[in-house]
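Let me begin by presenting the structure, written as structure tokens, before commenting on it.
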Amino acid sequence: MTDSTEQATKGQGGLTRAALFGLCPRCGARSLWDAPAAFAPSCRACGLVFEDYEPRGRGLYFVLLPLTFLLIAGALKLDDLVRPPLWLMLALIVVVVPGVIFGTLRLMKAALLIARLRAAGVLA
Ligand SMILES: [Zn+2]
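To convert, count from 1 in the sequence shown and add 14; that's our numbering.
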């Protein structure tokens, strides 16, 4: 395995751990998320400041808008193909939509955080 491949694998593991489990990219403490998709101001264990690197604003819409259209199209297609009862459709929407939106937001924000920390020289 080459160095660049190892680096990419290591980065992906860090991204997944940061996004899913909220682990600090520097020390690994579980302190990244304060809300479902919002960073804590800083790491409680090592003091790394997250809020300075948090992606905010309209850039996130470029991912959320197509995702919203995909979710709507998926719901319409499911309704068309399976014709589930309304209560089941509503229950699915209540569970699936926030899960997909927050999961995607967490992955995106964690990837941007790690990229920005690397660019700033905070992470190796
Ligand atoms: Zn930390």
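From the three backbone atoms N, C-alpha and C, an ideal C-beta is built for every residue, glycine too. Keep in mind that this is a model prediction, so the values were computed, not measured.
- The C-beta of I128 has 16 or more other C-beta atoms within 10 Å across all chains shown, which makes the residue buried.
- Distances from the CA of F64 to each of R72, V114, G113 and P55 were compared; the closest alpha carbon is that of P55.
- DSSP, read as helix, strand or coil, puts R72 in helix.
- Along the length of the segment 61 to 110, whole alpha helix (DSSP H) runs at least 4 residues long occupy 75 to 96, reported in chain order.
- The criterion of a C-beta distance shorter than 9 Å is not satisfied by A33 and G88.
- Annotation for R40 indicates a beta carbon within 8 Å of some heavy atom of ligand 1.
- Looking only at R72, W101, V109 and R70, the smallest Cα-Cα distance to L85 is reached by V109.
- Membership of A59 in any beta strand (DSSP E) is not indicated, and neither H nor E is assigned to it by DSSP.
- The C-beta of A124 has 16 or more other C-beta atoms within 10 Å across all chains shown, which makes the residue buried.
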